[in-house]
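Novice: Protein sequences appear in the order of chains A, B and C.
With my numbering applied, the first sequence covers 15 to 568.
With my numbering applied, the second sequence covers 5 to 349.
With my numbering applied, the third sequence covers 114 to 246.
Built from N, CA and C at the ideal position, the CB exists for glycine as well.
Computed from a predicted model, the values in this text were never measured in an experiment.
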Amino acid sequence: MTEIDKIKQEKEEWEKNCLREKAQQERQKSFRSLSDIEIKRLYTPNDIKDLNYGSDLGFPGQYPFTRGPYPNMYRGQLWTMRQFAGLGTAEQTNQRYKFLLRHGQTGLSVAFSLHTIYGYEADDDKALGEIGKEGVSIDTLKDMETLFDGIDLSKISTSMTINAPAAILLAMYIVTAEKQGHSPEQLRGTIQNDILKEYIAQKSWIFPPEPSMRLIVDTIEYCTKFVPQWYTISISGYHIREAGSTAVQELAFTLADGFAYVEAAMERGLDVDSFAPRLSFFFNSHNNFFEEVCKYRAARRIWAKKMKNKYSAKKTESMRLRFHTQTAGVSLTAQEPENNIVRVTLQGLAAVLGGTQSLHTNSFDEALCLPTEKAVRIALRTQQVIAHESGVTDTVDPLAGSYYVEWLTNKMEEESEAYFEKIEELGGVIPAIKANFFQKEIANASYKYQKEVENKERIIVAVNEYKPREPCSIELLKIDEKVAEEQVEKLNKIKSERNNEKIKEILEKLKEAAKGTENLMPYIIDAVREYAAIGEIMETLKEVFGIYREDSIY
Amino acid sequence: MDYSELIKKLTEGNSRAAARLITIVENDIDAAEEIINSIYEKTGNAYILGTTGAPGSGKSTFISTLIKILLAQGKKIGIICVDPSSPLTGGALLGDRIRMKEHFSLENVFIRSMANRGQLGGLARATEDAIKILDVFGCDIIIVETVGVGQSEVDIFRSAHTVIVLLVPGLGDDIQAIKAGIMEITDIFVVNKMDLPGADRKVSEIIQMLELNMNYKYNSIKKTRYIKEKHWEPELTLPNSDNLNEWIPEIIKINSRTGENFKDLLEIIEKHKNFLETTGVIINYRKNRIKTETFQILKYKLTKKVEELLNSEEIEKYLEQVIDKKLDPYSMANLIMKMLRNDKN
Amino acid sequence: MTEERRIKVLVCKPGLDGHDRGVKIIARALRDSGMEVIYTGLHQTPDDIVNTVIQEDPDAVMLSILSGSHKALCPIIMQKLKEHDIDDVLIAVGGIIPDEDKPFLEKHGLSGFHGPGTELKTIVEFVKNNLKR
Numbered sequence: 015m016t017e018i019d020k021i022k023q024e025k026e027e028w029e030k031n032c033l034r035e036k037a038q039q040e041r042q043k044s045f046r047s048l049s050d051i052e053i054k055r056l057y058t059p060n061d062i063k064d065l066n067y068g069s070d071l072g073f074p075g076q077y078p079f080t081r082g083p084y085p086n087m088y089r090g091q092l093w094t095m096r097q098f099a100g101l102g103t104a105e106q107t108n109q110r111y112k113f114l115l116r117h118g119q120t121g122l123s124v125a126f127s128l129h130t131i132y133g134y135e136a137d138d139d140k141a142l143g144e145i146g147k148e149g150v151s152i153d154t155l156k157d158m159e160t161l162f163d164g165i166d167l168s169k170i171s172t173s174m175t176i177n178a179p180a181a182i183l184l185a186m187y188i189v190t191a192e193k194q195g196h197s198p199e200q201l202r203g204t205i206q207n208d209i210l211k212e213y214i215a216q217k218s219w220i221f222p223p224e225p226s227m228r229l230i231v232d233t234i235e236y237c238t239k240f241v242p243q244w245y246t247i248s249i250s251g252y253h254i255r256e257a258g259s260t261a262v263q264e265l266a267f268t269l270a271d272g273f274a275y276v277e278a279a280m281e282r283g284l285d286v287d288s289f290a291p292r293l294s295f296f297f298n299s300h301n302n303f304f305e306e307v308c309k310y311r312a313a314r315r316i317w318a319k320k321m322k323n324k325y326s327a328k329k330t331e332s333m334r335l336r337f338h339t340q341t342a343g344v345s346l347t348a349q350e351p352e353n354n355i356v357r358v359t360l361q362g363l364a365a366v367l368g369g370t371q372s373l374h375t376n377s378f379d380e381a382l383c384l385p386t387e388k389a390v391r392i393a394l395r396t397q398q399v400i401a402h403e404s405g406v407t408d409t410v411d412p413l414a415g416s417y418y419v420e421w422l423t424n425k426m427e428e429e430s431e432a433y434f435e436k437i438e439e440l441g442g443v444i445p446a447i448k449a450n451f452f453q454k455e456i457a458n459a460s461y462k463y464q465k466e467v468e469n470k471e472r473i474i475v476a477v478n479e480y481k482p483r484e485p486c487s488i489e490l491l492k493i494d495e496k497v498a499e500e501q502v503e504k505l506n507k508i509k510s511e512r513n514n515e516k517i518k519e520i521l522e523k524l525k526e527a528a529k530g531t532e533n534l535m536p537y538i539i540d541a542v543r544e545y546a547a548i549g550e551i552m553e554t555l556k557e558v559f560g561i562y563r564e565d566s567i568y
Numbered sequence: 005m006d007y008s009e010l011i012k013k014l015t016e017g018n019s020r021a022a023a024r025l026i027t028i029v030e031n032d033i034d035a036a037e038e039i040i041n042s043i044y045e046k047t048g049n050a051y052i053l054g055t056t057g058a059p060g061s062g063k064s065t066f067i068s069t070l071i072k073i074l075l076a077q078g079k080k081i082g083i084i085c086v087d088p089s090s091p092l093t094g095g096a097l098l099g100d101r102i103r104m105k106e107h108f109s110l111e112n113v114f115i116r117s118m119a120n121r122g123q124l125g126g127l128a129r130a131t132e133d134a135i136k137i138l139d140v141f142g143c144d145i146i147i148v149e150t151v152g153v154g155q156s157e158v159d160i161f162r163s164a165h166t167v168i169v170l171l172v173p174g175l176g177d178d179i180q181a182i183k184a185g186i187m188e189i190t191d192i193f194v195v196n197k198m199d200l201p202g203a204d205r206k207v208s209e210i211i212q213m214l215e216l217n218m219n220y221k222y223n224s225i226k227k228t229r230y231i232k233e234k235h236w237e238p239e240l241t242l243p244n245s246d247n248l249n250e251w252i253p254e255i256i257k258i259n260s261r262t263g264e265n266f267k268d269l270l271e272i273i274e275k276h277k278n279f280l281e282t283t284g285v286i287i288n289y290r291k292n293r294i295k296t297e298t299f300q301i302l303k304y305k306l307t308k309k310v311e312e313l314l315n316s317e318e319i320e321k322y323l324e325q326v327i328d329k330k331l332d333p334y335s336m337a338n339l340i341m342k343m344l345r346n347d348k349n
Numbered sequence: 114m115t116e117e118r119r120i121k122v123l124v125c126k127p128g129l130d131g132h133d134r135g136v137k138i139i140a141r142a143l144r145d146s147g148m149e150v151i152y153t154g155l156h157q158t159p160d161d162i163v164n165t166v167i168q169e170d171p172d173a174v175m176l177s178i179l180s181g182s183h184k185a186l187c188p189i190i191m192q193k194l195k196e197h198d199i200d201d202v203l204i205a206v207g208g209i210i211p212d213e214d215k216p217f218l219e220k221h222g223l224s225g226f227h228g229p230g231t232e233l234k235t236i237v238e239f240v241k242n243n244l245k246r
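#1: Measuring alpha carbon to alpha carbon, tell me which of A:Glu305, A:Glu350, A:Thr359, A:Gly272 ends up nearest tryptophan 317 of chain A.
#2: So, using beta-carbon positions, are alanine 136 of chain A and glutamine 453 of chain A closer together than 8 Å?
#3: Just curious, the beta strand (DSSP E) that glutamate 51 of chain B is in, first and last residue?
#4: Three or more C-beta pairs closer than 8 Å, one from the stretch 355 to 374 of chain A and one from the stretch 326 to 334 of chain A: is that the case here?
#5: Closer than 7 Å by beta-carbon distance: list the chain B residues that pair up with glutamine 168 of chain C, in chain order.
#6: Taking just the CA atoms, how far does glutamate 148 of chain A sit from valine 136 of chain C?
#7: Any beta carbon from chain C within less than 8 Å of leucine 98 of chain B's own beta carbon?
#8: Write down the C-beta distance between glutamate 427 of chain A and alanine 312 of chain A rounded to the nearest angstrom, noting that I regard them as a contact closer than 8 Å.
#9: My assumption, with CB atoms under 8 Å, is that leucine 167 of chain A sits in contact with alanine 185 of chain A. Please give the rounded CB distance.
#10: Out of curiosity, what's the CA-to-CA distance linking valine 148 of chain B and glutamate 564 of chain A?
#11: By DSSP's criteria, cysteine 85 of chain B is part of a beta bridge. Which residues make up the other side?
#12: Please decide whether valine 477 of chain A counts as near chain C, where near means a Cβ-Cβ distance under 8 Å.
#13: Under 7 Å Cβ to Cβ from threonine 573 of chain A, same chain only, skipping five residues before and after it: list those, please.
#14: List in chain order: all unbroken alpha helix (DSSP H) runs of 4+ residues lying wholly within the stretch 96 to 179 of chain A.
#15: In the DSSP output, which residue or residues are listed as bridge partners for glycine 181 of chain C?
#16: If we cut at 8 Å on Cβ distances, does alanine 185 of chain C have a partner in chain A?
#17: Between histidine 227 of chain C and the rest of its own chain, which residues show a CB-CB distance below 6 Å, the 5 nearest in sequence each way excluded?
#18: For chain A, find out if any of its Cβ atoms is closer than 8 Å to the Cβ of isoleucine 190 of chain C; answer yes or no.
#19: Return no unless some Cβ of chain B is closer than 8 Å to the Cβ of valine 237 of chain C.
#20: Using a Cβ cut-off of 8 Å, which residues of the stretch 285 to 312 of chain A contact any Cβ in chain C, in chain order?
#21: Glycine 128 of chain C and isoleucine 178 of chain C look like a contact to me (Cβ under 8 Å); what is the Cβ gap, rounded to whole Å?
#22: Between glutamate 281 of chain B and isoleucine 135 of chain B, what straight-line distance do the alpha-carbon atoms span, to the nearest angstrom?
#23: Buried or exposed: which applies to arginine 246 of chain C, given that a residue is buried once 16 or more other Cβ atoms fall within 10 Å of its Cβ?
#24: Run through DSSP, which three-state label would glutamine 243 of chain A get?
#25: Among residues of its own chain, excluding the 5 on either side of alanine 261 of chain A, which ones have a beta-carbon nearer than 6 Å to its beta-carbon?
#26: Between the alpha carbons of isoleucine 51 of chain A and lysine 425 of chain A, how many angstroms are there, rounded?
#27: Is the Cβ-Cβ distance between threonine 386 of chain A and isoleucine 355 of chain A less than 8 Å?
#28: For chain B, is any of its Cβ atoms less than 8 Å away from the one on leucine 143 of chain C?
#29: Roughly how many angstroms lie between the CA atoms of aspartate 6 of chain B and asparagine 31 of chain B, to the nearest whole one?
#30: Taking Cβ-Cβ distances below 8 Å as the criterion, which residues of the stretch 133 to 157 of chain C are in contact with chain E?
#31: Just how far apart, CA to CA, sit serine 68 of chain B and methionine 104 of chain B?
#32: Report the neighbours of alanine 119 of chain B on chain C: residues whose CB is nearer than 8 Å to its CB, in chain order.
#33: Within 8 Å of any Cβ in chain C, is that where the Cβ of lysine 556 of chain A sits?
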C-alpha cells in the first residue's frame, strides 16, 4: 500500500474511532470561505497528492513564483509601508505626508478628492460638497507642487490612486519633479490607471472604454521610454472586493483585467517584455485569513503561467506578479471602532504571509471619517509590529507545504480558470463589462453576504453579535468647509496669473492629437506645465472621446 | 374626494399634478373612476406607442434614441415603463428609468415607472388610465414600455395605436416566445443591433413566423420586397378585399446606438398613423379598443367583487357543503352568480 | 374599493460618491419586503433627484452619501422640493453621517441616518413606520 492510501485508511479509522459523534455536533452545518468554498474539517497529504514541488511551487524569485516574487523576500527588504493619505488642501496633505515619513513610512500614497478623480475643478457645480473630502483637492500643477513641497521626489516612491485622469496627474508629477531638478528617469512610483475596474466596481470612469484604453496604452508607451522605473498600472482587485465580490471573483476579475491590458498594449505593437515588468497589482486583504494568503499565492502562479504560455513572455520580470495590498475598508465597523485595530492586524498579517510588496493598513476610524493622526499612527505601527516583533519575516513563504494552504491555493486557481472561460465566452473583458457580467456577479455576492450576516451565518463582532450597550464615541476628523473656499480662491488666482493664450493653443493641439492615434502624454505634459487645470484638459478630451453612461443594474 | 384642483393643474401641464393623479389611479379604482369621468372628453390628442421586447433586446437604448429624435421635433413625450412585480413578495425593482438617465429636461419628457402588480387585467386598467392622464397633461406621444411578450402585454397594448416589438440577433428564442396574442397586434417588428451578424437571419425568421401563423388573416405574404435592405414591406396576394383594410406588419432593421434607420422607422409609424386615421378602419378599431378597455375594467371590478364574496362569511357555509360533498363547485359558482345579480351595489 | 397599496421608494446617490454597494442591497431588501423601488443610479444632481421625485411621486426617498458631501447637498435638495410644494414625502439620508451633523440635517427635514452595519430590516421598518402619507 502506498503512503497516500495508508493515510486515507487511517483517516477513515480516525473518523470512526476518534472523531465519532463530534462530527455531528459542530458549530455550523458547513464551514464556508468568503468565496463559498466548503472548508473541510481536516486536510491531509491526500488533499495535495498531485502537488509537484517544482512545477507548482518552485522557489521564490523563480517561475512560477508561487512562493514569492523575490528570492529572499523580507529577509532582504521589508515591504513598503505605504499609507494612503489625502485630505483637504495640498498644504494639509503635505503636512500629513511629513508626519507619516517622520514616523517611519517608506513610500507615499496619494488619495485624491472626488472632484479631482472625476476631473472637475473646484469651482464646478458638480464639485459641490466634495472638495477636500475623501482626499486632497488638486486642480493645477501648483497644487501638486505644494503637495510635495519639501519632499525630494528622487528619493521617494509615490503611488497615486487616480484612474480616469491618471495621465494628467502623472504629467503633473513629472513636471513637479522637473522643477525640483530631477529627470523622469529618476522617478519611482505608480499610477493606479486601471479603468476596467472602474466600470466594474469603483465607478469613477469618465470616458467610454475604448478611448480610456487608448490613454492607458499611451501612458504605458510613454513611461516605457521616458520614465522607465514607473509602474504604469496598478491592476486592482481592492475595489472589486469592496464592492462585494468574493475572494475568487476578486482574484479572477483582477487578473482578467490584467490580461486585457496586456493584450491592448500588444495590439499597439509593444513587445510584451518591454512593458510587462512595469505592471503591478493591488489586492484587498479581507477577513478569511487563509483564503487571502492562498489568493495571493494563486495570483502569482496564474499570472506567471499565462504570461509565459499565452503571451510568450521571455523575461522573468514579465512573469513576476508584484502587488500592493490594502486591508479591507468595508470590513471595518462603526460600532466599537477600536476592534478594527485587531481586524486590520490579522488582515495585514495575511498580506505579509501572502508576500505583498507594499501594504496599507486601514485606520480604525475608517467607517466614520478620514483618519485622525492617532488612528493613522496606530495603523502604521501595526505594520511595524508585524515586521519586527512577530518573526514571520524571518523566512520566506512560511505557510507553504501546509496541506490546507496548498489545497486552497489550488482550488482558487481552479475556480478562477472557470471565470476566465466564462469571460472568454462573452468575448473578453470589455464585452463582459457591457453585458454587466461582473457587476451582476458582484451585486449578487454582496447581497448574499448581507443576508448571511443578517441571518447570523456570519458573525461580525459588535454588529450582529456581542452588541455594545452604549454608543462608542471617538474623536473624529473634520474637514473644514472653508477648505472649499480656499481651493476655489487658489484656482482663480492661478487662472488669472497664467498664460491663457498659450494654454488655449496647447489644448487645441491636444484635441487634434486625441482625434488621431498619437501618444497624448507629451501634449498633456505641455498643458500641465502651463498650469492648465484638470477640468480644462478633461473637457478637451471629453469633446473627442465622449462620456460613458453606465447601464446600471441592481 | 375632490380632485378638481389636481385636474385643473393637470390641464395646465403641471407635472406634479400628473404624477399625483397617476398614483391615485394606480391605487384606487373608485377614485380612478371619478378622475377619468372628469377628464375623458379631453383625451384623444396623444399618439400611443407600445413597445416591448425580451430582456437584452436593447429596449432602453432604442427608446432613448427615439426620444432624442422626437424631442428634436419639438414633441412632448410621456413614457410609462412597466416592470414585473415579484410574485413572492409583491415588491418590484423598477429598473427602466435608470437606463434613460441622459438629461431629459423636465418640461418635455415625463417618465413614469409602474409595477405590473401581477393581477388579472389590473395593470392594463391602471396603465390605460395613466395614459389618459398623460394625454390630458399635454403629451404628444406616449410610449408604453414593457418587458416580455406575454398576455399582460397584449392587454396593455390593446390601448396603443402602434405596437412595436423589438427583436435582436443572438437572442435565440425571442421569436418563439412571442405568444400568438402579441403577434396579432404587432404593427412593426424592429430588429435592433443591425450591425451584428444574424440580423438578416432574424428578419427571415420573422417573415417565416408571420407566414406560418398569420394566414388566417391574410392569404399569404407571397414575397417581400427589399428596400435598401433595411426595411421589408410585405406584398399582398390578392384577391381578398379584406386585406385592403388590414395593416400588414412591417419589418425594419435599426441600430439604436448609432440611430441608423430611425428616420425610416418614424416614417413607418407615420404611415401606420395615417392608415389608422383613414375612415372605416379607425372606427372599428376604436370600437374594439373601447370594448376591450371596458372589458378590462369590468373584469377587474367583477374579480374584486367575487373575491370579496368568496372570502365573506356567507360563503363559509357553502364551502362546508362542498367539503361534505352536498354541493359541487359549479353549483356553488351559480349561487355566487345569483348573489352578484341581487347585489344592490 | 381600493387596490392593494404598494409603498413606492426612490433610492438615490447624490453627488460624485461612487459607493453603490449598500444602496443596491437596500433596493433589493425593500423590494423583498413588498415595496416598489426605483434606483436612480450614480451621480445625481439635486435637480435630477427632484425631477424624479416629481414624476415618480414616491412615498419615500432614501439618499445615500458616503463622501462627506451631505451638508452641502441635502439642504439644496430639500429647498428644491419645497419650491415644488413637495412636503408629504419621507426624505431619509444614510451612509456616513457623523452624529454631530444630524441636528443640522434634521432641521432641514431629513431623517434616518442609517450607517454601515445597520440591519436591512431596520431600514425596511423605518420606511414603513415613517411615511408621511
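Specialist: From the atom records:
#1: Numbered from 1 along the first sequence, position 303 holds the residue referred to as residue 317 of chain A. Looking only at A:Glu305, A:Glu350, A:Thr359, A:Gly272, the smallest Cα-Cα distance to tryptophan 317 of chain A is reached by A:Gly272.
#2: Within the first sequence, the letter at position 122 stands for residue 136 of chain A. Within the first sequence, the letter at position 439 stands for residue 453 of chain A. When the beta-carbon positions are compared, alanine 136 of chain A and glutamine 453 of chain A stay at least 8 Å from each other.
#3: Here residue 51 of chain B refers to the residue found at position 47 when the second sequence is read from its first residue. First, the residue type needs correcting, since residue 51 of chain B is tyrosine and not glutamate in the sequence shown. Boundaries of the beta strand (DSSP E) around tyrosine 51 of chain B: 51 to 57.
#4: They do not touch, by the three-pair rule.
#5: Indexing the third sequence from 1 puts residue 168 of chain C at position 55. Within chain B, the residues whose beta carbon sits less than 7 Å from that of glutamine 168 of chain C are Ser19, Ala23, Phe114, Ile115, Arg116, listed in sequence order.
#6: Counted from its first residue, the third sequence places residue 136 of chain C at position 23. Counted from its first residue, the first sequence places residue 148 of chain A at position 134. Within the model, the alpha-carbon separation for valine 136 of chain C versus glutamate 148 of chain A is close to 19 Å.
#7: Residue numbering aside, residue 98 of chain B sits at position 94 when the second sequence is read from its first letter. Judged by the 8 Å Cβ criterion, leucine 98 of chain B is in contact with chain C.
#8: For this step, residue 427 of chain A is matched to residue 413 along the first sequence. For this step, residue 312 of chain A is matched to residue 298 along the first sequence. Between glutamate 427 of chain A and alanine 312 of chain A, the beta carbon gap of about 4 Å places them in contact (Cβ cut-off 8 Å).
#9: Taking the first sequence and counting its residues from 1, the one referred to as residue 167 of chain A is at position 153. Taking the first sequence and counting its residues from 1, the one referred to as residue 185 of chain A is at position 171. The Cβ separation is near 14 Å, so there is no contact.
#10: Start at 1 with the first residue of the second sequence, and residue 148 of chain B comes out as number 144. Start at 1 with the first residue of the first sequence, and residue 564 of chain A comes out as number 550. C-alpha separation (whole angstroms): 23 Å.
#11: Indexing the second sequence from 1 puts residue 85 of chain B at position 81. In the DSSP output, where bridge partners are listed per residue, cysteine 85 of chain B has B:Ser117, B:Glu149.
#12: The residue given as residue 477 of chain A occupies position 463 in the first sequence. Nearest CB-CB separation between valine 477 of chain A and chain C: below the 8 Å threshold.
#13: Coverage of chain A is limited to positions 15 through 568, which leaves residue 573 of chain A absent and any answer about it impossible.
#14: Runs of the alpha helix (DSSP H) inside the stretch 96 to 179 of chain A: 104 to 116, 128 to 131, 155 to 161.
#15: The sequence position of residue 181 of chain C within the third sequence is 68, counting from 1. DSSP, once it has assigned bridges, lists no residue as partnering glycine 181 of chain C.
#16: Working through the third sequence from its first residue, we reach residue 185 of chain C at position 72. Among the CB atoms of chain A, one or more fall inside 8 Å of the CB of alanine 185 of chain C.
#17: As a position in the third sequence, residue 227 of chain C is number 114, starting the count at 1. These residues qualify, in order along the chain: Gly207, Ile236.
#18: For the purposes of this step, residue 190 of chain C is taken as the residue at position 77 of the third sequence. It does not; no Cβ of chain A falls within 8 Å.
#19: Reading the third sequence from its first residue, position 124 is the one you call residue 237 of chain C. So no, valine 237 of chain C is outside the interface.
#20: The stretch 285 to 312 of chain A vs chain C, Cβ under 8 Å: nothing.
#21: The residue you call residue 128 of chain C lines up with position 15 of the third sequence. The residue you call residue 178 of chain C lines up with position 65 of the third sequence. Contact between glycine 128 of chain C and isoleucine 178 of chain C holds: CB atoms are separated by about 6 Å, below the 8 Å threshold.
#22: Numbered from 1 along the second sequence, position 277 holds the residue referred to as residue 281 of chain B. Numbered from 1 along the second sequence, position 131 holds the residue referred to as residue 135 of chain B. Those two C-alpha atoms are separated by around 20 Å.
#23: Here residue 246 of chain C corresponds to residue number 133 of the third sequence, with the count starting at 1. Its Cβ having fewer than 16 others within 10 Å, arginine 246 of chain C is exposed.
#24: Taking the first sequence and counting its residues from 1, the one referred to as residue 243 of chain A is at position 229. DSSP places glutamine 243 of chain A in coil when its eight states are reduced to three.
#25: Mapped onto the first sequence, residue 261 of chain A falls at position 247. Shown here for alanine 261 of chain A: same chain residues with a beta carbon closer than 6 Å to its own, the five before and five after excluded, namely Leu48, Ser49, Glu305, Lys309 in chain order.
#26: The count along the first sequence starts at 1 and reaches residue 51 of chain A at position 37. The count along the first sequence starts at 1 and reaches residue 425 of chain A at position 411. One C-alpha to the other measures close to 9 Å.
#27: Stepping through the first sequence from its first residue, residue 386 of chain A is reached at position 372. Stepping through the first sequence from its first residue, residue 355 of chain A is reached at position 341. No.
#28: Position 30 of the third sequence holds residue 143 of chain C. Yes, because at least one Cβ of chain B sits closer than 8 Å to the Cβ of leucine 143 of chain C.
#29: The residue given as residue 6 of chain B occupies position 2 in the second sequence. The residue given as residue 31 of chain B occupies position 27 in the second sequence. In a straight line, the C-alpha of aspartate 6 of chain B is about 16 Å away from that of asparagine 31 of chain B.
#30: The structure shown contains no chain E; its protein chains are A, B and C.
#31: In the second sequence, residue 68 of chain B corresponds to position 64, counting from 1. In the second sequence, residue 104 of chain B corresponds to position 100, counting from 1. If you take the alpha carbons of serine 68 of chain B and methionine 104 of chain B, they lie about 6 Å apart.
#32: On the second sequence, position 115 is the one that residue 119 of chain B refers to. Neighbours of alanine 119 of chain B on chain C, chain order: Arg119, Glu149.
#33: Sequence index remark: in the first sequence, residue 556 of chain A carries index 542 (1-based). Cβ-Cβ to chain C under 8 Å: no for lysine 556 of chain A.
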